[in-house]
Amino acid sequence: MNKRIAVVGGRPAPIHGAKELGIDVVLVHQEGDYEQEIVAHCERVVHARIDDAEAIIKVLEPLHRERPFDRIITTTEVAGESTGKVVDHFGLTGVSYKTARLLKDKVAMRELLAKHDLSPVAYRHVTRAQDAITFVKQHGKSVLKPAEGVASLHIHPCDDEASATQAWQALQDADVKHIIIEEYLEGPVVSVDSFSFKRRHLPIGYSQYRMNDKYVEWEVSTPSTEAKKWLKELKEMTCRLLDAVELEEGPSHSEFVLTPKGPRVLESHARLAGSGAPELVRRAFGLDLNRMFLTVPLGIDTLPEVSPEPKAGAAIQFFVPTPGKVKKVELDLKPDVDVRHTRQGETPLVFLPFLFELGQAERAVVIQKHEGDQIPPLDTVADCVSGYVLATGLSREDAVRIGDELVEAVHFIVEPKA
1 MNKRIAVVGG RPAPIHGAKE LGIDVVLVHQ EGDYEQEIVA HCERVVHARI
51 DDAEAIIKVL EPLHRERPFD RIITTTEVAG ESTGKVVDHF GLTGVSYKTA
101 RLLKDKVAMR ELLAKHDLSP VAYRHVTRAQ DAITFVKQHG KSVLKPAEGV
151 ASLHIHPCDD EASATQAWQA LQDADVKHII IEEYLEGPVV SVDSFSFKRR
201 HLPIGYSQYR MNDKYVEWEV STPSTEAKKW LKELKEMTCR LLDAVELEEG
251 PSHSEFVLTP KGPRVLESHA RLAGSGAPEL VRRAFGLDLN RMFLTVPLGI
301 DTLPEVSPEP KAGAAIQFFV PTPGKVKKVE LDLKPDVDVR HTRQGETPLV
351 FLPFLFELGQ AERAVVIQKH EGDQIPPLDT VADCVSGYVL ATGLSREDAV
401 RIGDELVEAV HFIVEPKA
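Counted the way the UniProt record's numbering counts, the sequence shown spans residues 1 to 418.
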């Protein structure tokens, strides 16, 4: 008999090929928030708010009674805590609410890291402006941000009383209630993508970023040149971190800043990474995290014993045209580039349209803006909506070079905002 799982949310839900693997998938999603073509990979789709554990339990309980689920899993940040509660409710193996909560709440995370003498970073839970002012006086340049923030939203560097007060007020204006201040970590940001099974953690890929002055990542590339200098420490720190939060199984994505004193944890997530990182890992390291997300917990595939060595380089770069109204898009690409366009007038329900279809393309370009569309300023990762380029190369540097060439060959003719 087929294995049966419930997958909560996802844009796209990483369940392509589930039926061929002998897995029956019940997708739990909000009506209108998933792409219709994903339905072909599901046993059925049921509707519920994916951040509401009680609503998810209500739609899954009768199905679980009829034929129990082997796993209930998610790979979307919004559904992390709610899915953890559902996993606990049904008594299943997976990412518990405790683990999901520790990873989401940056104050709880810093407290846990301090308890385990892991990645020392000065921090404070901020409940009033004076907390931030005092912290900056003690530690110098700092970062004030939401303790449960995502997508680089509302991150405010500050280095004196005036900037700390201004940062505090900006978070109040944005109605952010749970706030943390941390010492400013100087150095490049890198990440480690891992997979766990029965609390054995296997670091797999390691990537680095290019970002703007608002800390929005507009390029991801792997294997990270910066990370190689600290690879032993990064792998050890990743495993210690995942042990500390008691991650049982599944994918994880941990980000670090490579400071002059060594790697420091920035944040971690018990899910597949965003921005196409699993596809980059597949291209560079040969392991398919999307497939493993389905197969390793169910015993269909075995978690490898050792981390793979890189066999290539891969990069994804988002287009970041001048904000304004698109007049036209001109392409000057070579014939070997796989080019895709979203439909004019339609907003994709997935963050990276065509990503699965482009799996065999060494060089690909996706255009998501058309004449008359508006290009937003790049304030968060969610603003990376103009399209992207995808490249495989002999090394990370080679893939980045190819990506740069592809971007230079696409011209967004824009009427800037007044």
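Glycine is no exception: its CB is placed at the ideal position from the N, C-alpha and C atoms.
- Distance from the CA of Val-400 to the CA of Ala-132, rounded to the nearest whole angstrom, comes to 39 Å.
- Contact between the segment 187-204 and the segment 242-258 is present: 3 or more CB-CB pairs across the two stretches fall below 8 Å.
- DSSP places Cys-42 in no beta strand (DSSP E); its state is neither H nor E.
- Annotation for Ala-147: Asp-105, Lys-106, Val-107, His-125, His-178, Ile-179, Ile-180 place their beta carbon closer than 8 Å to its own, counting only its chain and skipping 5 residues before and after.
- Shown here for Glu-405: not one same chain residue has a beta carbon closer than 7 Å to its own, the five before and five after excluded.
- Just so you know, the alpha carbons of Phe-90 and Lys-141 end up roughly 46 Å apart.
- Taking the C-beta atoms as reference points, Asp-70 is found no nearer than 8 Å to Lys-19.
- In this model, Tyr-206 and Ser-224 are separated by some 6 Å (Cα to Cα).
- Taking C-beta atoms as the reference points, Val-320 and Trp-168 fail to come closer than 8 Å.
- Pro-310 sits away from Ala-273, with the two beta carbons spaced by 8 Å or more.
- Taking C-beta separations shorter than 7 Å and ignoring five residues to either side along the sequence, the partners of Leu-63 in its chain run Val-26, following chain order.
- No residue range can be given for Lys-214, since it is assigned to no alpha helix (DSSP H) and is classified by DSSP as neither H nor E.
- Ile-56: not part of any beta strand (DSSP E); member of the alpha helix (DSSP H) spanning 53-66, first to last residue.
- With a cut-off of 8 Å on Cβ pairs, the segment 74-84 is not in contact with the segment 111-123, counting fewer than three such pairs.
- A Cβ-Cβ distance of about 5 Å is found for the pair Val-296 and Phe-197, placing them in contact under the 8 Å criterion.
- Ile-15 sits in coil when the DSSP states are folded into three classes, being neither helix nor strand.
- For a cut-off of 8 Å, the C-beta gap from Thr-74 to Val-7 is around 7 Å, short enough to register as a contact.
- The three-state secondary structure of Ala-270, taken from DSSP, is coil.
- A direct Cα-to-Cα measurement between Phe-351 and Thr-165 gives close to 35 Å.
- Relative to the Cα of Glu-415, the nearest Cα in the group Pro-263, Asp-159, Ile-375, Met-211 belongs to Ile-375.
- Contact between Arg-44 and Gln-30 is absent: CB atoms are separated by about 15 Å, not below the 8 Å threshold.
- Asp-175 sits exposed, since fewer than 16 C-beta atoms from the chains shown fall within 10 Å of its C-beta.
- Between the alpha carbons of Ile-413 and Pro-323 lies a gap of roughly 11 Å.
- Between Ala-79 and Gly-9, the C-beta spacing is below 8 Å.
- By alpha-carbon distance to Leu-21, the top candidate from Met-292, Leu-234, Ala-270 is Met-292.
- Taking the C-beta atoms as reference points, Val-385 is found nearer than 8 Å to Gln-368.
- Glu-346 counts as exposed, since fewer than 16 other C-beta atoms from the protein chains shown sit within 10 angstroms of its C-beta.
- Looking at the backbone, the Cα of Leu-378 and that of Leu-266 are separated by about 21 Å.
- Here Met-211 has Glu-217, Trp-218 as same chain residues with Cβ atoms under 7 Å from its own Cβ, once five neighbours each way along the sequence are excluded.
- Burial check for Val-381: the Cβ neighbour count within 10 Å reaches 16 or more, so the residue is buried.
- Note that the C-beta distance between Leu-92 and Val-245 is not below 8 Å.
- In the three-state DSSP reduction, Val-410 falls in the strand class (E or B).
- Between Ser-163 and Val-28, the alpha-carbon positions lie close to 43 Å from each other.
- Put simply, of Cys-42, Ile-23, Ile-38 the residue whose alpha carbon is nearest the alpha carbon of Pro-353 is Ile-38.
- Using a Cβ distance threshold of 8 Å, Val-410 and Gln-317 do not count as a contacting pair.
- Relative to the Cα of Ser-221, the nearest Cα in the group Lys-228, Arg-199, Gln-208 belongs to Gln-208.
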